[in-house]
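**Q** In our numbering, the protein residues as written are 152 to 227.
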Amino acid sequence: MRKERGRRPKKKVCGFCVDKIDHVDFKEATRLRRYITERGKILPRRISGNCAKHQRQLTVAIKRSRIMALLPFTIE
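1. Cβ atoms of ARG207 and PHE177: under 8 Å apart, would you say?
2. State the beta-bridge partners of ILE193 as determined by DSSP.
3. Distance, Cα to Cα, ARG182 vs PHE167?
4. Could you work out which residue in THR225, ARG185, ARG190, PRO223 is closest to ASN201 when comparing CA atoms only?
5. Span of the alpha helix (DSSP H) holding LYS214?
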């Protein structure tokens with residue numbers, strides 16, 4: 152029997168590395184809103200396509216912007 156070769160999905164690239172952003176800012180709520188679901192959860196790295204460094208910074212920035220009331224904790 153032959154093995155079926157499936158198509159591998161295209162590797163996602165980090166949007167912050169592409170834009171050459173070295174630090175994720177919590178005040179950029181419009182940029183951060185792309186990385187949370189409609190329920191308000193933070194998207195994981197394998198779905199968002201971020202590198203590990205920027206995903207850690209993104210998580211801290213989202214949590215800070217939630218505390219400063221720029222982003223919601225939950226969406227009803």
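For glycine and all other residues, C-beta sits at the position ideal for the given N, C-alpha and C.
**A** If we stick to the structure as given:
1. no
2. ILE187
3. 10 Å
4. ARG185
5. 203-218
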